[in-house]
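Position 129 of the sequence shown, counted from 1, bears residue number 128 in numbering that gives the first Met the number 0, the numbering being contiguous throughout.
Step one of this worksheet: look at the structure below.
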Amino acid sequence: MIVKIFKYDKKNKEWTINTKKKYDIIYCDTPNTFKMKKTGAGFKSGAESKYPVMDLDQICALPVDKIAKPNALLFLWVQTPISGGTSNNIGDPILDSWKFHFRSKLYWDKMSIGMGSDFRNQVEELWYARRGTIKALHMTRQSNVVRHKRVGHSVKPDVFRKIIEDCAIKQFGKNVKMIELFARKAPFRRKWDYFGNQLH
Ligand SMILES: C[S@@+](CC[C@H](N)C(=O)[O-])C[C@H]1O[C@@H](n2cnc3c(N)ncnc32)[C@H](O)[C@@H]1O
Numbered sequence: 000m001i002v003k004i005f006k007y008d009k010k011n012k013e014w015t016i017n018t019k020k021k022y023d024i025i026y027c028d029t030p031n032t033f034k035m036k037k038t039g040a041g042f043k044s045g046a047e048s049k050y051p052v053m054d055l056d057q058i059c060a061l062p063v064d065k066i067a068k069p070n071a072l073l074f075l076w077v078q079t080p081i082s083g084g085t086s087n088n089i090g091d092p093i094l095d096s097w098k099f100h101f102r103s104k105l106y107w108d109k110m111s112i113g114m115g116s117d118f119r120n121q122v123e124e125l126w127y128a129r130r131g132t133i134k135a136l137h138m139t140r141q142s143n144v145v146r147h148k149r150v151g152h153s154v155k156p157d158v159f160r161k162i163i164e165d166c167a168i169k170q171f172g173k174n175v176k177m178i179e180l181f182a183r184k185a186p187f188r189r190k191w192d193y194f195g196n197q198l199h
């Protein structure tokens, strides 16, 4: 089901929340902005020409904490060039603000090189974080490297939704409640809600 649970108020620079629902699983692909040099006549990153992007403060201020159950899992996409160090690491501040603790990562190997100013990016990271009392997943058959060809600008392959669903059922059982934040498609699945401004 599509849910309009958050709204960003540009004037007051704050999010409003419009739900009392709580979820066991949050799957999230934030509309990140990348620090890029201006080249002459203005320059937009690939993402900025496809959808509105947000800076880290706006993303951290999203009240994800308010829609997560006390025991919950978070799966967060973090692109490799902004996943490390202190100055270019969006993952840790987001987890801290949303009150989750880092646990592990899945790597999406896109099987071909893409863009990249230092190295050409072939992998993207899906961070796995949790809060509350959560057991180890013991996904004995699941490697942390998932190979799948690219599927369009910023589109994530369905195989990750399937892996998340397997983890979710293992951890919380069949009545698990899941939400995808900043989703672009909303296939009917009983367990899932979807939030995003490009949903169709
Ligand atoms: C990185 S893309 C998500 C791509 C998606 N995971 C997929 O597989 O297609 C981020 C999405 O967040 C949306 N978005 C940006 N600002 C938003 C806002 N204030 N509220 C809701 N969605 C927003 C963008 O329009 C874009 O569709």
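Note that the Cβ used here is the ideal one computed from N, Cα and C, for glycine as well.
**Request:** Answer with buried or exposed for G90, where buried requires no fewer than 16 other C-beta atoms within 10 angstroms of its C-beta.
**Result:** Indexing the sequence shown from 1 puts residue 90 at position 91. It counts as buried.
**Request:** Please list, in chain order, all residues of the same chain as H199 whose beta carbon is under 7 Å from its beta carbon, the five residues on each side excluded.
**Result:** The residue labelled residue 199 in the question sits at position 200 within the sequence shown. Excluding residues within five positions, the ones whose Cβ falls inside 7 Å are K184.
**Request:** Look at Y26 and F74 and say whether their C-beta atoms are less than 8 Å apart.
**Result:** Here residue 26 refers to the residue found at position 27 of the sequence shown. Here residue 74 refers to the residue found at position 75 of the sequence shown. Result yes, Cβ atoms of Y26 and F74 sit closer than 8 Å.
**Message:** Tell me the residue span of the beta strand (DSSP E) that contains V158.
**Reply:** Against the sequence shown, residue 158 aligns to sequence position 159. Counting along the chain, no beta strand (DSSP E) covers V158; the unbroken alpha helix (DSSP H) around it starts and ends at 157 to 171.
**Asked** Between the Cα of W107 and the Cα atoms of V150, V175, P30, which residue gives the shortest distance?
**Response** Numbered from 1 along the sequence shown, position 108 holds the residue referred to as residue 107. That would be V150, whose Cα lies nearest to the Cα of W107.
**Of the listed residues K20, C59, Y50, M0, nearest to E13 (C-alpha basis)** = Within the sequence shown, residue 13 is the residue found at index 14, counting from 1. Ranking the options by Cα distance to E13, first place goes to C59.
**Request:** Can you check the region 93 to 153 for any beta strand (DSSP E) of at least 3 residues that lies completely inside it and give the ranges in chain order?
**Result:** 100 to 108, 122 to 130, 144 to 146
**Item:** N-terminal and C-terminal residue of the alpha helix (DSSP H) that A182 is part of
**Value:** As a position in the sequence shown, residue 182 is number 183, starting the count at 1. In the DSSP assignment, A182 falls outside any alpha helix (DSSP H) and carries neither an H nor an E.
**Request:** Round the Cβ separation of K190 and K176 to the nearest angstrom and send it over; I've been treating them as touching at under 8 Å.
**Result:** Here residue 190 corresponds to residue number 191 of the sequence shown, with the count starting at 1. Here residue 176 corresponds to residue number 177 of the sequence shown, with the count starting at 1. Rounded, the Cβ-Cβ distance is 7 Å, consistent with contact.
**Message:** At a threshold of 7 Å, does M53 count as lining ligand 1 (C-beta to nearest heavy atom)?
**Reply:** In the sequence shown, residue 53 corresponds to position 54, counting from 1. Because some heavy atom of ligand 1 lies under 7 Å away, the Cβ of M53 counts as near it: yes.
**Message:** Under 8 Å, with one C-beta from each stretch per pair, do the region 132 to 152 and the region 76 to 90 reach the 3-pair mark?
**Reply:** no
**Prompt:** Hey, how far is the Cα of Y7 from the Cα of W126?
**Reply:** Taking the sequence shown and counting its residues from 1, the one referred to as residue 7 is at position 8. Taking the sequence shown and counting its residues from 1, the one referred to as residue 126 is at position 127. Using only the alpha carbons, I get a separation of about 25 Å.
**Prompt:** Who are the Cβ neighbours of G131 in its own chain at under 8 Å, not counting the five residues just before and after it?
**Reply:** Along the sequence shown, one-based indexing puts residue 131 at 132. The beta carbon of G131 lies closer than 8 Å to those of K68, P69, N70, A71 in the same chain, with the five residues before and after it left out.
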